[in-house]
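Peer 1: This is the structure, below, for whatever I ask next.
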Amino acid sequence: MSLPHERLIVALDVSTASEAARIIQSVGDSAGHFKVGKQLFTAVGPQIVRDLVASGKKVFLDLKFHDIPNTVAAAVRSASALGIDMLTVHASGGGKMLKAAVEAASSAAHSPLILAVTVLTSFTDQDLQEIGFSGKVTDNALRLASLAQAAGCRGVVSSVAEVKALRQMLGTGFAIVTPGIRPAGSAAGDQARIATPAAAITAGASHIVVGRPITESNDPAQAAQEILREIVSTLKNQEARVIQPSPAVL
Numbered sequence: 002m003s004l005p006h007e008r009l010i011v012a013l014d015v016s017t018a019s020e021a022a023r024i025i026q027s028v029g030d031s032a033g034h035f036k037v038g039k040q041l042f043t044a045v046g047p048q049i050v051r052d053l054v055a056s057g058k059k060v061f062l063d064l065k066f067h068d069i070p071n072t073v074a075a076a077v078r079s080a081s082a083l084g085i086d087m088l089t090v091h092a093s094g095g096g097k098m099l100k101a102a103v104e105a106a107s108s109a110a111h112s113p114l115i116l117a118v119t120v121l122t123s124f125t126d127q128d129l130q131e132i133g134f135s136g137k138v139t140d141n142a143l144r145l146a147s148l149a150q151a152a153g154c155r156g157v158v159s160s161v162a163e164v165k166a167l168r169q170m171l172g173t174g175f176a177i178v179t180p181g182i183r184p185a186g187s188a189a190g191d192q193a194r195i196a197t198p199a200a201a202i203t204a205g206a207s208h209i210v211v212g213r214p215i216t217e218s219n220d221p222a223q224a225a226q227e228i229l230r231e232i233v234s235t236l237k238n239q240e241a242r243v244i245q246p247s248p249a250v251l
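Given below as structure tokens:
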């Protein structure tokens, strides 16, 4: 499994390269990946990704591609050429689109991990019904994750609420990335399904995405270090439970 800091992805949800640079410098090696999403990518373009990669940072490009298979494949090829490590597509784009994304990534010189987004963390059961989805959030997340795995994706994005069921279904070698992470006492913001870093790791998440609790903190470095310490502590507790000998049978 990844080293503890590799599990932490810091979301650079800002609008300028200088703001992103300030956060990256402050967080330093406490995070293994930095997420470039629609806000930053739209504001400053792909050069921010090139600069991050050139500086040795691992980039999670979170643009959530969702289009016809040919268009998504072309977009994935262009994104892969930037040297990114992770890339999101919407699982609801369907099996053909997902396969096209996976094939495009696998043919690249630097092949990123294709993550299929299941159900956005801002959604509730009622929100899904409003747009015509039947069943609860967990049901839809499991169905979309199964579709993604069958299409060749090696990871999904979901809230922590679905992680335990997803881990049981997908197995140990599959990446599960969880946004909506909030340290205890943090505001939920516009997220409907949130959890602490410890809860996410305990449930079976391979990576956690943290944005505002770090980027809007008065001390981003300290905020990131505290989350990393929580990850390390949780992993140690898990390891201790695994190696603890069973009581003798009398």
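Note that my numbering has the sequence shown beginning at 2, numbered continuously upward. Quick reminder that beta carbons are idealized off the backbone N, C-alpha and C, glycines included.
(1) Tell me, to the nearest whole angstrom, how far the beta carbon of Val-90 is from that of Ile-115; I am working on the premise that it is less than 8 Å.
(2) Compute the Euclidean distance between the alpha carbons of Val-50 and Val-77, then round it to the nearest angstrom.
(3) Would you give the residue range spanned by the beta strand (DSSP E) that Val-103 belongs to?
(4) Name the DSSP beta bridge partners of Lys-36, please?
(5) Less than 7 Å between the C-beta atoms of Ser-81 and Ala-109, yes or no?
(6) According to DSSP, is Lys-237 part of a helix, a strand, or is it coil?
(7) Hey, could you find the ends of the beta strand (DSSP E) Val-157 is sitting in?
(8) Using beta-carbon positions only, say whether His-67 and Gly-96 come within less than 7 Å of one another.
(9) Quick check on Leu-129: does DSSP put it in helix, strand or coil?
(10) Tell me the DSSP secondary structure of Ile-115 in three-state form.
(11) Assign Asn-141 to buried or exposed, taking buried as 16 or more other Cβ atoms, counted over all protein chains shown, within 10 Å of its Cβ.
(12) Given a cut-off of 7 Å, decide if Val-233 and His-208 are closer than it, judged by their beta-carbon atoms.
(13) What is the DSSP secondary structure of Gly-66, counted as helix, strand or coil?
(14) In three-state DSSP terms, what is Ile-209?
(15) Between which residues of its own chain and Gly-153 is the CB-CB distance below 7 Å, once the five residues before and five after are set aside?
(16) When the Cα of Asp-30 is compared with those of Lys-137, Leu-229, Val-211, which residue comes out closest?
(17) Alpha carbon to alpha carbon, how far is Ala-105 from Ala-75? Give it in angstroms, no decimals.
(18) Inspect the beta-carbon positions of Ala-18 and Val-60 and report whether they are closer than 7 Å.
(19) Quick check on the burial criterion: 16 or more other C-beta atoms within 10 angstroms. Buried or exposed for Asp-220?
Peer 2: Looking at the atomic coordinates:
(1) Taking the first residue of the sequence shown as 1, we reach residue 90 at position 89. Taking the first residue of the sequence shown as 1, we reach residue 115 at position 114. Right, the Cβ-Cβ distance comes to about 6 Å (below 8 Å), so this counts as a contact.
(2) On the sequence shown, position 49 is the one that residue 50 refers to. On the sequence shown, position 76 is the one that residue 77 refers to. Their Cα atoms are separated by approximately 14 Å.
(3) Along the sequence shown, one-based indexing puts residue 103 at 102. First-last for Val-103: 96-107, but that is the alpha helix (DSSP H), not the beta strand (DSSP E).
(4) Residue mapping note: residue 36 aligns to position 35 of the sequence shown, counting from 1. Per DSSP, Ala-12, Phe-61.
(5) Numbered from 1 along the sequence shown, position 80 holds the residue referred to as residue 81. Numbered from 1 along the sequence shown, position 108 holds the residue referred to as residue 109. Ala-109 sits close to Ser-81, with the two beta carbons spaced by under 7 Å.
(6) Looking up residue 237 in the sequence shown gives position 236. Three-state result, Lys-237: helix.
(7) Residue numbering aside, residue 157 sits at position 156 when the sequence shown is read from its first letter. Run containing Val-157: 156-158, per the beta strand (DSSP E) assignment.
(8) Translated into the one-based positions of the sequence shown, residue 67 becomes position 66. Translated into the one-based positions of the sequence shown, residue 96 becomes position 95. Against a cut-off of 7 Å, the Cβ pair of Gly-96 and His-67 comes out as no contact.
(9) If you number the sequence shown from 1, residue 129 lands on position 128. Helix, per DSSP.
(10) In the sequence shown, counting from the first residue as 1, residue 115 sits at position 114. In the structure shown, Ile-115 sits in a strand (DSSP, three-state: E or B).
(11) What you label residue 141 is simply residue 140 of the sequence shown in a count that begins at 1. It counts as buried.
(12) By 1-based counting over the sequence shown, the position of residue 208 is 207. By 1-based counting over the sequence shown, the position of residue 233 is 232. Cβ distance not < 7 Å, so His-208 and Val-233 don't count as in contact.
(13) Taking the sequence shown and counting its residues from 1, one reaches residue 66 at position 65. Per the sequence presented here, residue 66 reads as Phe, with Gly not at that position. Reduced to three states, the DSSP call for Phe-66 is strand.
(14) In the sequence shown, the residue the question calls residue 209 occupies position 208. Looking at Ile-209 - three-state DSSP - the assignment turns out to be strand.
(15) Against the sequence shown, residue 153 aligns to sequence position 152. Closer than 7 Å at the Cβ level, and outside the excluded window around Gly-153, lie Lys-100, Val-103.
(16) Position 29 of the sequence shown, counted from the first residue, corresponds to residue 30. Considering only alpha carbons, the answer is Leu-229.
(17) Walking along the sequence shown from the start, residue 75 turns up at place 74. Walking along the sequence shown from the start, residue 105 turns up at place 104. Straight-line Cα distance between these residues: approximately 7 Å.
(18) By one-based count along the sequence shown, residue 18 stands at place 17. By one-based count along the sequence shown, residue 60 stands at place 59. No, the pair does not count as a contact, with Cβ atoms beyond the cut-off.
(19) In the sequence shown, counting from the first residue as 1, residue 220 sits at position 219. Asp-220 should be labelled exposed.
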